[in-house]
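Have a look at the structure below, then the notes.
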Amino acid sequence: MKVELDPGGFLATSSEELKSELSNINPKLEQSAAVQYALTPHGKLIRPLTLFAIANALGLSVSRALVTIAASIEKLHIATLVHDDIIDNDQWRRGRPTLHTQFDLGTAIVVGDSLIFETTAWVKDTVNLGIEPRSALEILSQFATAGQQLCSGQQLESQMTSSLNFSYTRYIQMIEGKTSSLFELAAVCGAILANASREERQRFFTVGQKFGIAFQMQDDLLPFFSDREAAGKDLLSDLRNRRPSFPLVVAVELLEGVNRTNLLSFLASDTPAGSESFSMLTELLVSAGVLQKCQDLLRQTLEEAKALLEPYHETEGGKFLVQLLHQSTRRKL
255 MKVELDPGGF LATSSEELKS ELSNINPKLE QSAAVQYALT PHGKLIRPLT
305 LFAIANALGL SVSRALVTIA ASIEKLHIAT LVHDDIIDND QWRRGRPTLH
355 TQFDLGTAIV VGDSLIFETT AWVKDTVNLG IEPRSALEIL SQFATAGQQL
405 CSGQQLESQM TSSLNFSYTR YIQMIEGKTS SLFELAAVCG AILANASREE
455 RQRFFTVGQK FGIAFQMQDD LLPFFSDREA AGKDLLSDLR NRRPSFPLVV
505 AVELLEGVNR TNLLSFLASD TPAGSESFSM LTELLVSAGV LQKCQDLLRQ
555 TLEEAKALLE PYHETEGGKF LVQLLHQSTR RKL
């Protein structure tokens with residue numbers, strides 16, 4: 255995924271400062287090499303970019319405090335990836351071994367924990383960077399809320415996986431916790447830093463929520479529309495672990511008769527899910543119109559997010575966020 259940044263503009267400058275901040279590893283940590291492995295090379299930085307775009311749309315300039323909050327959100331995101339890879343026993347992330355595979359399980363757990371606690375310290379210290387104590391406390395509260403939502407989303411996924419009680423409503427609840435929570439955090443923090451009105455904060459919260467939902471929907475669709483060999487991660491992990499991914503959830507609700515029975519039997523079985531099973535599933539989802547239904551729901555969610563951004567289309571941040579929405583939900587890899 256590639257998005258265009260105006261050279262020397264607000265977003266480009268903020269992004270460069272963010273990358274520098276993320277490369278600043280605490281040398282006192284015994285796991286500093288593992289922390290560096292987790293943080294570099296940088297990913298797509300979509301959540302920090304969302305914060306920067308909203309801050310710009312609301313009239314903010316580049317500041318150290320803004321970059322610090324953005325880096326804290328990215329570190330929290332990376333911590334969740336480290337822990338997710340452990341829970342799912344995934345072996346690959348971003349084209350290389352996952353942290354617990356490259357090092358060991360204990361190191362990976364400690365690195366994830368340390369990143370979470372470091373974000374708390376960073377947010378607290380923004381009062382020394384010009385942020386009013388009341389705003390810093392509010393942002394810290396938003397981080398805590400996002401953390402609670404992340405855990406609730408993970409717990410709901412585990413419940414749905416073990417019970418095979420898949421429904422679209424529960425799926426949306428799950429990804430609002432697991433994925434949207436950090437997009438919402440980025441959006442609301444941008445609004446808080448800009449001293450936005452309550453109405454604007456709610457507007458951008460909803461933008462973040464819908465962005466996160468659309469992003470996860472697209473992520474769940476990647477195995478069906480991407481080069482799985484070049485993806486840099488195990489795209490069949492959800493299928494192999496019978497997790498409630500977007501296409502499977504829609505399929506359970508949409509399919510009828512023998513097709514639905516066969517799908518539920520497969521999900522309930524211990525049969526290893528490899529390329530052959532995936533090919534059969536893909537054929538079923540295409541022929542039954544499931545993948546088309548998924549694309550329609552994704553497009554609807556994306557349009558709802560774009561509509562909320564209409565008042566900000568003339569700002570650099572507003573234009574960029576619309577571009578980011580489009581490109582993030584049209585990923586091939």
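Here the numbering used here = 1-based position in the sequence shown + 254. All residues carry an ideal CB built from backbone N, CA and C; glycine is no exception.
Which whole-angstrom value is the C-beta distance of residue i and residue j, which I expect to be below 8 Å?
{"i": "V504", "j": "V544", "result": "5 Å"}
{"i": "R496", "j": "L521", "result": "5 Å"}
{"i": "A333", "j": "G360", "result": "A333 to G360, Cβ: 15 Å. No contact."}
{"i": "A390", "j": "V377", "result": "7 Å"}
{"i": "R433", "j": "Q470", "result": "The displayed chain sequence assigns Thr, not Arg, to residue 433. About 4 Å separates the two Cβ atoms, so the contact holds."}
In whole angstroms, give me the CA-to-CA distance for residue i and residue j.
{"i": "L490", "j": "E537", "result": "15 Å"}
{"i": "G572", "j": "F306", "result": "10 Å"}
{"i": "E271", "j": "L335", "result": "23 Å"}
{"i": "K329", "j": "L369", "result": "6 Å"}
{"i": "I467", "j": "E430", "result": "7 Å"}
{"i": "R318", "j": "K464", "result": "28 Å"}
{"i": "L265", "j": "E510", "result": "48 Å"}
{"i": "E454", "j": "A445", "result": "7 Å"}
{"i": "T294", "j": "R301", "result": "16 Å"}
{"i": "L353", "j": "L276", "result": "17 Å"}
{"i": "Q590", "j": "R514", "result": "A query on residue 590 cannot be resolved here, the shown segment of the chain reaching from 255 to 587 and no further."}
{"i": "R348", "j": "Q409", "result": "25 Å"}
{"i": "E558", "j": "S435", "result": "18 Å"}
{"i": "R584", "j": "Q554", "result": "14 Å"}
{"i": "Q549", "j": "L563", "result": "21 Å"}
{"i": "L552", "j": "L518", "result": "24 Å"}
{"i": "A288", "j": "I341", "result": "18 Å"}
{"i": "T569", "j": "Q285", "result": "42 Å"}
{"i": "R452", "j": "L394", "result": "18 Å"}
{"i": "G407", "j": "G401", "result": "10 Å"}
{"i": "I426", "j": "T399", "result": "18 Å"}
{"i": "H591", "j": "T304", "result": "With the chain covering 255 to 587 only, the question about residue 591 has no answer from this structure."}
{"i": "C405", "j": "S412", "result": "11 Å"}
{"i": "L418", "j": "N310", "result": "43 Å"}
{"i": "P565", "j": "E392", "result": "26 Å"}
{"i": "T322", "j": "D379", "result": "9 Å"}
{"i": "S416", "j": "R350", "result": "29 Å"}
By Cβ distance, which residues of its chain are closer than 7 Å to residue i, with the 5 residues on each side in sequence left out?
{"i": "Q546", "result": "none"}
{"i": "G313", "result": "A448"}
{"i": "T373", "result": "S326, K329, L330, F397"}
{"i": "K560", "result": "V576, L579"}
{"i": "F458", "result": "I308, A441, V442, G444, A445"}
{"i": "M414", "result": "F420, R424, M428, P498"}
{"i": "V364", "result": "Q285"}
{"i": "V461", "result": "A441, A559, L562, L563"}
{"i": "F371", "result": "none"}
{"i": "K296", "result": "Per the sequence presented here, residue 296 reads as His, with Lys not at that position. Closer than 7 Å at the Cβ level, and outside the excluded window around H296, lie K273, L276."}
{"i": "Y422", "result": "V503, V504, E507"}
{"i": "L556", "result": "A468, L579, T583"}
Quick one: is residue i near chain D, going by C-beta distance under 9 Å?
{"i": "S417", "result": "No chain D appears in the structure shown, which is made up of a single protein chain."}
Determine the extent of the alpha helix (DSSP H) in which residue i is found, giving its start and end residues.
{"i": "D344", "result": "Unbroken run through D344: none, as it is neither H nor E."}
{"i": "F437", "result": "435-447"}
{"i": "R494", "result": "491-494"}
{"i": "Y566", "result": "No alpha helix (DSSP H) contains Y566, which DSSP labels as neither H nor E."}
{"i": "G462", "result": "452-479"}
{"i": "S523", "result": "First-last for S523: undefined, no H or E at that position."}
{"i": "A266", "result": "264-276"}
{"i": "S412", "result": "387-417"}
{"i": "P501", "result": "500-508"}
{"i": "T423", "result": "422-429"}
Under 6 Å Cβ to Cβ from residue i, same chain only, skipping five residues before and after it: list those, please.
{"i": "N278", "result": "none"}
{"i": "A450", "result": "L312"}
{"i": "E438", "result": "F459, G462, Q463"}
{"i": "V381", "result": "P387, A390"}
{"i": "A324", "result": "L272, P302, L305"}
{"i": "L383", "result": "R318, A319"}
Excluding sequence positions up to five away, which residues of its chain have a Cβ less than 8 Å from the Cβ of residue i?
{"i": "L493", "result": "P477, S499, L502, A527, S531, F532, L535"}
{"i": "Y291", "result": "L353, Q356, F357"}
{"i": "V316", "result": "F264, T267, S268, E271"}
{"i": "A542", "result": "A505, L508, L509, N513"}
{"i": "L475", "result": "F500, P501, L545, C548, Q549, L552"}
Enumerated in chain order, which unbroken segments of the alpha helix (DSSP H) with a length of 4 residues or greater are wholly contained in the region 286-366? 286-293, 300-311, 318-342, 353-356
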